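To keep things clear, I will list the structure first and then write my remarks on it.
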Amino acid sequence: MYRYTKISKVRHTMLVQFIVDNYLSFGTRQEFSMFSGKSRTYQERVKTVNNKGILKFAALFGTNASGKSNFIKAMSFMDQAVEEGRVPLGNGNKYCRTQANNRERASYFEVIIMEQNSFYSYGFEVLLSKGSFTSEWLIKLGSNGDEFPVFSRDLVANKTVIGEQFSSSSERRLQIYADDMQGDSSALFLTGMNTNKTSLYKEYPEFSVFQLVFQWFSKKFAASEPNVPVTSGSTFLVDQKLKEVSALLQSFDTDIVEIVNDVLKPGEISPVIQKQLVLFENRANKLFLEESPPKNLTVLLRDKHNFVSISKEADSDAYEIKKIFFRHADGQEFSIDEESQGTIRIMDLAEILLTTESRVFVVDELDRCLHPQVTYEFVRKFLEHAVDHDIQLLVTSHESRLLDFDLLRRDEIWFVEKRKGESKLYSLEEFNERNDRKIDRAYLDGRYGGVPVFTAVFPVGEES
């Protein structure tokens with residue numbers, strides 16, 4: 019039996035493992051781990067919890083179409099499913115289609131996380147072709163390998179088992195909620211336990227584990243595809259943070275010396291922003307009517323041509339719209355659509371280097387639009403920042419300059435290779451390379467299966 023974990027204001031959270039099977043190009047069970055390996059370099063950036071080392075950085079390499087992005091999509095799918103409580107739309111045929119029988123085989127998603135120095139395993143199985151979950155579970159993992167189930171849900175057998183660690187009254191209450199959802203294979207129990215349940219957690223603090231794990235997905239984990247910002251952009255909403263972002267952009271030689279914002283007048287508001295205002299008003303009105311409403315609401319809107327913040331106080335009908343500009347060394351101010359794609363990419367990533375909260379960031383194609391030296395410097399800065407903060411970054415990349423033992427540990431380097439249409443994950447730890455080996459050269463030579471093999475499109479025949 020174990021004591022329930024109270025949710026503290028300062029939370030230490032990390033990704034430990036992610037496991038996927040039968041999703042996109044993953045036709046067999048693939049396991050990704052942030053547990054440290056045998057490497058003894060750069061120990062200062064390894065987090066030790068219950069005698070287990072957890073890494074703060076990992077990079078995945080591989081050819082185009084090897085499955086790197088599919089791995090990120092698998093993580094995003096799980097995140098979205100938990101936050102929405104159902105199978106996200108558009109996933110009916112996302113099972114691995116290399117085998118016809120995979121259509122009728124459940125896909126598997128599991129994550130092991132560290133929250134406040136405790137380990138938890140949460141996962142589910144889902145029949146994507148039918149949009150129905152077949153099982154779901156949450157387990158607290160003991161330091162000696164013991165498992166303490168919080169709940170286990172079998173939707174095929176139509177049965178939910180509640181863990182023995184709860185008091186009898188708490189167990190009865192949980193069983194009521196479980197029975198209410200038992201016949202609904204389209205919904206996740208974890209999400210249901212975090213929907214309109216504010217008063218429940220005040221009455222039953224033992225249930226905090228449901229909040230703890232759900233909030234790992236909703237507040238601590240962020241994954242992005244190449245064309246989508248990975249961070250919320252909150253650094254652009256605080257004046258002091260703007261100074262830090264400006265300094266960071268300067269350090270990457272962008273020519274930006276200051277970030278400024280100007281209040282837009284009614285005649286300066288574009289039709290695009292006008293449409294967003296309607297959505298903002300609806301969202302604000304709902305939030306301000308909640309049981310514990312915020313005093314104000316501020317959102318950041320960004321597209322190719324606009325970068326604005328919209329703010330509204332709870333006790334006011336008026337709202338304020340500010341447009342963000344970038345002042346260069348020559349004193350000229352430019353809007354976001356006048357900046358280079360590389361500069362915009364650095365802006366997207368800036369929050370990762372500035373956050374002091376415990377977070378997990380996942381970035382697909384880190385090197386997109388970035389000069390190789392900028393990519394290398396970004397990773398170097400992150401690793402330096404991570405020494406003093408429990409922050410994690412997982413990236414995919416083609417940038418071979420990152421394959422450098424002067425920068426990364428062996429266990430921070432992973433490869434994705436496609437064999438017979440299916441993606442396989444493996445760590446550089448499996449190769450046991452010496453620390454003096456030029457692994458970037460070995461990678462480009464095909465040593466780790468991460469480079470393309472070219473064949474002629476138009477064969478050139480011998481001249482007669």
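Position in the sequence shown (first residue = 1) + 18 = my numbering. For every residue, glycine included, the Cβ atom is placed at its ideal position computed from N, Cα and C. Small disclaimer: the values here were computed from a predicted structure and weren't measured.
Collapsed DSSP secondary structure at K322 in the structure displayed:
coil
Residue from F75, R190 and E448 whose Cα sits closest to the Cα of V397:
Closest by alpha carbon: F75.
Same chain only: Cβ atoms within 7 Å of F400, ignoring 5 sequence neighbours per side
F75, I370, L371 and L411
For V278 and E154, the rounded distance between their alpha carbons:
E154 and V278 have their C-alpha atoms spaced approximately 48 Å apart.
Please name the residue or residues paired with G201 in a DSSP beta bridge.
Its beta-bridge partners do not exist; DSSP assigns none.
Taking just the CA atoms, how far does I180 sit from V34?
25 Å
Burial state of K340 (16 or more Cβ within 10 Å)
buried
The beta strand (DSSP E) that contains Q35, what's its start and end?
T31 to D39
Ordered list of alpha helix (DSSP H) runs contained in the stretch 195-271, each at least 4 residues
207-210, 216-221, 226-233 and 257-269
Y126 lies in the beta strand (DSSP E); which residues open and close that run?
S125 to E133
Work out the CA separation of R437 and P470 for me, nearest whole Å.
No answer about P470 holds up, because its pLDDT of 49 lies below 50 and its placement is not dependable.
Can you tell me whether DSSP reads G349 as helix, strand or coil?
Coil at G349, not helix or strand.
State buried or exposed for S358, treating a residue as buried only when at least 16 other CB atoms are found within 10 Å of its CB.
Around the beta carbon of S358, fewer than 16 other beta carbons lie within 10 angstroms, which makes this residue exposed.
Are the CB atoms of F95 and Y41 within a distance shorter than 9 Å?
yes
Report yes if the C-beta distance between Q233 and N214 is below 9 Å; otherwise report no.
no
Quick one: measure Cβ to Cβ for M93 and V380, integer angstroms, because I've assumed they're closer than 8 Å.
The Cβ separation is near 6 Å, so the contact holds.
Taking E143 as the reference, give the member of Q48, E128, I364 and N135 with the closest Cα.
Answer by Cα proximity: E128.
With 16 other CB atoms within 10 Å as the buried threshold, where does E417 fall?
Counting other Cβ atoms within 10 Å of its Cβ, E417 reaches 16 or more and is therefore classed as buried.
Could you check which residue in A77, R29, N135 and F228 has the C-alpha nearest to that of N69?
Closest option to N69, Cα to Cα, is N135.
Roughly how many angstroms separate the alpha carbons of V275 and Q258, rounded to a whole number?
14 Å
CB-CB under 8 Å to N109, same chain, minus the five flanking residues each way: which ones, in chain order?
F95, L146 and G149
Taking the alpha-carbon positions, what's the L421 to S415 distance?
10 Å
Measure the beta-carbon distance from S327 to N314 and round it to whole angstroms, keeping in mind my assumption that it falls under 8 Å.
Not a contact, Cβ separation roughly 12 Å.
Could you tell me whether the Cβ atoms of V378 and F239 are closer together than 9 Å?
yes
Hey, is the stretch 76-87 in contact with the stretch 193-213, meaning 3+ C-beta pairs nearer than 8 Å?
Taking a contact to require three or more Cβ pairs closer than 8 Å, the stretch 76-87 and the stretch 193-213 do not qualify as touching.
What residue does the alpha helix (DSSP H) around V100 start on, and which one ends it?
Looking at the DSSP string, the run of the alpha helix (DSSP H) that includes V100 is K86 to E102.
Can you tell me which of the three DSSP states D385 falls into?
coil
In three-state DSSP terms, what is V179?
strand
Secondary structure of R58, DSSP reduced to three states:
coil
Taking only three categories from DSSP, how would you classify K442?
strand
Nearest residue (CA-CA) to S186, options K293, F433, F225 and I362:
F225
For F472, which residues from the same chain have a beta carbon less than 8 Å from its beta carbon, with the 5 sequence-adjacent residues on both sides left out?
Note that F472 scores a pLDDT of 43, beneath 50, so its modelled location is shaky; the value from the coordinates is reported in the next line. So the list is empty, once near-sequence residues are dropped.
Close-in-space but distant-in-sequence residues of the same chain around T249 (CB under 7 Å, 5 per side omitted):
A240, D366, E369 and I370
What are the boundary residues of the alpha helix (DSSP H) that includes F400?
Residues P390 to A404.
Let me check understanding here. Comparing Cα to Cα, which of L305, E356, R427 and P284 lies closest to K322?
E356
Going along the chain, which residues of its own chain have a beta-carbon closer than 6 Å to the beta-carbon of L173, five neighbours each way excluded?
F151, T152 and S203
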